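Chains as they are written, first to last, in the numbering used here: chain A, 9 to 314; chain B, 205 to 477. In what follows, a single structure is set out as structure tokens and then discussed.
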């Protein structure tokens, strides 16, 4: 992922004593801003706007429409509605997001944060180190690690189960991707919930314990009300990242037979493999709109909290 | 110990063991396969050898792609860090008209315009400009994607730098540039170091953009080459892949250890540093 948004930083705020102590002046300040904004404009804002235009044409990578693309209005969007492969990609992306982000990373991340709270220091450090390592390793390396786990002949999972011969990535591609992405992204939720749990008043936990509440009751009635906002913002962020994640391409490339073709892989295959740039741009635009909605909801929530 | 406590304790130990195994087992391959005389896809106790290392170092593109990775990362990281520092300082100290709106916009841009959502227009743009296979251009594209988040985080850092230092420096007649170079930068160093490492790690691990924009094997960084390593038969070259994965992953891990040891593991939400 190129751009990881800052999650728990507060929304922009006015700093008290906000004054030009360095004597920069507005003109020089704009000069300082210009190079950064120029690059952002060229490589983020312009592409985002240009997607809209390309999506309204029949532009292709090769052939006559590559040199003289025609304006086709909303044809690409109309085509998407009828395209079974696009529907398939949407559905698989939804499965991927719900399975690996909303459920997988969220639940495992919280469970780790909750159970590691009182754990011995060495155990806590060891588990956290491995969870974090799974997050910081480059995606290409991580893809090979999981190909080695799920391989049919010598794969680690087959060996552990004592029954090699199952090509997990071919027979259960989506399930494999969901487990993979849970492994890959849990660190974020774990860290976020760790810091959220630190803000739960210990006296309330103590009271729950003396009243004989079970662990589940404590989580539901004492902890959850304190961290509800964090659960919401965390879920939004990890869902957004997961929906935009290109790693499935590295594990299954969308196969076999489109069975694991999530939207990012679909866009890539339409744009580069099939060369249908106009159609792929229209789909990208839809993804941009969804991203925008999620990010706006996220910002509103952050603002409410602060 | 009551029955219930025993049950709880067992459940706890089982959960921890399962979680540890789940996260650790896939990584063991990176420790065993590079040293195995017959490395396969799957974990086994290695039959120790260093032959894979020789195979990797004599591979025609392996080391070159690591150099390409360094070039790409240095361009992207240097541009991101310098431009973000300048912008963050200006935004922190001067009330430019429309500043708060700009900050919100940056925050939105950093999460909305992902590499995936923008791959088509970026590819088309570079294609039309004839910049496919240009490492510098690819570095700039990557920098453009990282800048909003970098500016935002650095502004937070610089906001917390006490202004009294700058005021004293001004009183003694320092120019604004001198104040920035000799007062603000040294004090904001932990923040800048964090961004430097974050940007480097992001650029180093980025697969999609170099994969799209660098089609020529001589220009490809390690992230892209690693996915194309084949032996003569056309199947994955397992003598080179494990060693090369390890070589490629080590800098990332080393940088994290360095930053967390030196400055403490900072948790900036999505920012992994």
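A virtual CB, placed ideally from N, CA and C, is assigned to each residue, including glycine. Predicted model only: the values in this text are computed from it and were never measured.
Using DSSP with H/G/I as helix, E/B as strand and the rest coil, what is residue 320 (chain B)? Within the second chain, residue 320 (chain B) is the residue found at index 116, counting from 1. Note: residue 320 (chain B) maps to coil in three-state DSSP.
Determine the burial state of residue 466 (chain B): buried for a count of at least 16 other Cβ atoms within 10 Å of its Cβ, exposed for fewer. Counting from 1 along the second chain, the entry for residue 466 (chain B) is found at position 262. So residue 466 (chain B) ends up on the exposed side.
Are residue 292 (chain A) and residue 321 (chain B) close, meaning C-beta to C-beta below 8 angstroms? The sequence position of residue 292 (chain A) within the first chain is 284, counting from 1. The sequence position of residue 321 (chain B) within the second chain is 117, counting from 1. Taking 8 angstroms as the Cβ cut-off, residue 292 (chain A) and residue 321 (chain B) qualify as a contacting pair.
Check whether the Cβ atoms of residue 399 (chain B) and residue 354 (chain B) lie closer than 8 angstroms to each other. In the second chain, residue 399 (chain B) corresponds to position 195, counting from 1. In the second chain, residue 354 (chain B) corresponds to position 150, counting from 1. Contact: yes.
For residue 434 (chain B): DSSP bridge partner residues: Taking the first residue of the second chain as 1, we reach residue 434 (chain B) at position 230. BP columns for residue 434 (chain B) point to B:440.
Does the stretch 339-359 of chain B touch the stretch 291-298 of chain B, meaning 3 or more C-beta pairs lie closer than 8 angstroms? yes
Using the Cα positions of residue 59 (chain A) and residue 290 (chain A), report the straight-line distance between them to the nearest angstrom. Residue numbering aside, residue 59 (chain A) sits at position 51 when the first chain is read from its first letter. Residue numbering aside, residue 290 (chain A) sits at position 282 when the first chain is read from its first letter. Between residue 59 (chain A) and residue 290 (chain A), the C-alpha separation is close to 7 angstroms.
I'd like to know whether the C-beta of residue 274 (chain A) is nearer than 8 angstroms to at least one C-beta of chain B. Taking the first chain and counting its residues from 1, the one referred to as residue 274 (chain A) is at position 266. Judged by the 8 angstroms Cβ criterion, residue 274 (chain A) is not in contact with chain B.
What residue range does the alpha helix (DSSP H) around residue 122 (chain A) cover? As a working mapping, residue 122 (chain A) is identified with position 114 in the first chain. Segment 114-124, the alpha helix (DSSP H) holding residue 122 (chain A).
Taking 8 angstroms as the CB-CB cut-off, is residue 271 (chain B) touching chain A? Stepping through the second chain from its first residue, residue 271 (chain B) is reached at position 67. By this cut-off, residue 271 (chain B) is not an interface position.
Is there a Cβ from chain A that is less than 8 angstroms from the Cβ of residue 399 (chain B)? Along the second chain, read from residue 1 onward, the residue named residue 399 (chain B) stands at position 195. It does not; no Cβ of chain A falls within 8 angstroms.
Residue 235 (chain B) versus B:300, B:451, B:407, B:345, residue with shortest Cα-Cα distance: As a first step, residue 235 (chain B) is located in the second chain; it is residue number 31 there, counting from the start. The option with the nearest alpha carbon to residue 235 (chain B) is B:451.
From the DSSP output, in three-state form, read off residue 261 (chain B) for me. The residue labelled residue 261 (chain B) in the question sits at position 57 within the second chain. Here residue 261 (chain B) sits in helix by DSSP.
For chain B, is any of its Cβ atoms less than 8 angstroms away from the one on residue 252 (chain A)? Counting from one through the first chain, the residue named residue 252 (chain A) turns up at place 244. Closer than 8 angstroms to some Cβ of chain B, the Cβ of residue 252 (chain A) qualifies, so yes.
What are the boundary residues of the alpha helix (DSSP H) that residue 460 (chain B) is part of? As a first step, residue 460 (chain B) must be located in the second chain, where it is residue number 256. Segment 445-467, the alpha helix (DSSP H) holding residue 460 (chain B).
Interfacial residues, the stretch 169-192 of chain A to chain B, with Cβ spacing under 8 angstroms: 191
Interface residues of chain B around residue 138 (chain A) at Cβ under 8 angstroms? Within the first chain, numbered from 1, the residue matching residue 138 (chain A) stands at position 130. Those are 224, 227, 228, 231, listed as they occur along chain B.
How long is the line joining the alpha carbons of residue 245 (chain A) and residue 256 (chain A), rounded to whole angstroms? Counting from 1 along the first chain, the entry for residue 245 (chain A) is found at position 237. Counting from 1 along the first chain, the entry for residue 256 (chain A) is found at position 248. Each residue's alpha carbon lies about 19 angstroms from the other.
Buried or exposed (CB count within 10 angstroms, at least 16 for buried), residue 16 (chain A): Translated into positions along the first chain, residue 16 (chain A) becomes position 8. Caution is warranted here: a pLDDT of 44 is assigned to residue 16 (chain A), below 50, making its placement in the model unreliable, and the coordinate value is therefore given only provisionally. It is buried - the Cβ of residue 16 (chain A) has at least 16 other Cβ atoms within 10 Å.
Would residue 175 (chain A) pass as a contact of residue 164 (chain A) if the rule is Cβ separation under 8 angstroms? For the purposes of this step, residue 175 (chain A) is taken as the residue at position 167 of the first chain. For the purposes of this step, residue 164 (chain A) is taken as the residue at position 156 of the first chain. No, Cβ-Cβ distance for residue 175 (chain A) and residue 164 (chain A) is not below 8 angstroms.
On the DSSP bridge list, what partners appear for residue 191 (chain A)? As a working mapping, residue 191 (chain A) is identified with position 183 in the first chain. Partner(s): none; residue 191 (chain A) has no beta bridge.
Check whether residue 273 (chain A) and residue 261 (chain A) have beta carbons under 8 angstroms apart: As a first step, residue 273 (chain A) must be located in the first chain, where it is residue number 265. As a first step, residue 261 (chain A) must be located in the first chain, where it is residue number 253. Yes.
Kindly say whether residue 328 (chain B), judged by its beta-carbon, lies nearer than 8 angstroms to any beta-carbon of chain E. This model lacks chain E altogether; the protein chains it does include are A and B.
Can you tell me which of A:162, A:222, A:263 puts its alpha carbon nearest to the alpha carbon of residue 180 (chain A)? Within the first chain, the letter at position 172 stands for residue 180 (chain A). With distances taken between Cα atoms, residue 180 (chain A) lies closest to A:263.
Span of the alpha helix (DSSP H) around residue 404 (chain B): One-based indexing of the second chain puts residue 404 (chain B) at position 200. Segment 393-409, the alpha helix (DSSP H) holding residue 404 (chain B).
By how many angstroms is the C-alpha of residue 112 (chain A) removed from the C-alpha of residue 254 (chain A)? Taking the first residue of the first chain as position 1, residue 254 (chain A) is located at position 246. Taking the first residue of the first chain as position 1, residue 112 (chain A) is located at position 104. Straight-line Cα distance between these residues: approximately 18 angstroms.
Of all the options A:305, A:182, A:198, A:284, which has the alpha carbon lying nearest to the alpha carbon of residue 259 (chain A)? Sequence index remark: in the first chain, residue 259 (chain A) carries index 251 (1-based). For the residues A:305, A:182, A:198, A:284, the minimum Cα distance to residue 259 (chain A) belongs to A:182.
Just checking my contact of residue 312 (chain B) with residue 303 (chain A) at CB under 8 angstroms: how many whole Å lie between their CB atoms? As a working mapping, residue 312 (chain B) is identified with position 108 in the second chain. As a working mapping, residue 303 (chain A) is identified with position 295 in the first chain. Right, their Cβ atoms sit about 5 angstroms apart.
Would a check of beta-carbon distances place residue 355 (chain B) closer than 8 angstroms to chain A? Residue mapping note: residue 355 (chain B) aligns to position 151 of the second chain, counting from 1. With 8 angstroms as the cut-off, residue 355 (chain B) counts as an interface residue toward chain A.
Start and end of the alpha helix (DSSP H) containing residue 349 (chain B)? What you label residue 349 (chain B) is simply residue 145 of the second chain in a count that begins at 1. Note, residue 349 (chain B): alpha helix (DSSP H), 339-363.
Between which two residues does the alpha helix (DSSP H) holding residue 387 (chain B) run? Indexing the second chain from 1 puts residue 387 (chain B) at position 183. Note, residue 387 (chain B): premise wrong, no alpha helix (DSSP H); not H, not E.
Determine the DSSP secondary structure at residue 422 (chain B), reduced to helix, strand or coil. Reading the second chain from its first residue, position 218 is the one you call residue 422 (chain B). In the structure shown, residue 422 (chain B) sits in coil (DSSP, three-state: anything other than H, G, I, E or B).
Can you confirm whether the stretch 404-415 of chain B touches the stretch 267-278 of chain B when touching is taken to mean that 3 or more C-beta pairs between the two stretches lie within less than 8 angstroms? yes
Contacting residues, own chain, Cβ-Cβ under 6 angstroms from residue 208 (chain A) (five flanking each side not counted): Here residue 208 (chain A) is taken as the residue at index 200 of the first chain, counted from 1. Closer than 6 angstroms at Cβ, skipping near neighbours: 231, 234.
Please report the straight-line C-alpha distance between residue 270 (chain A) and residue 94 (chain A), rounded to a whole angstrom. Numbered from its first residue, the first chain carries residue 270 (chain A) at position 262. Numbered from its first residue, the first chain carries residue 94 (chain A) at position 86. Cα to Cα, residue 270 (chain A) sits roughly 9 angstroms from residue 94 (chain A).
In chain B, which residues lie less than 8 angstroms from residue 8 (chain A) when you measure between Cβ atoms? Nothing can be reported for residue 8 (chain A): it is not among the residues displayed for chain A, which extend from 9 to 314.
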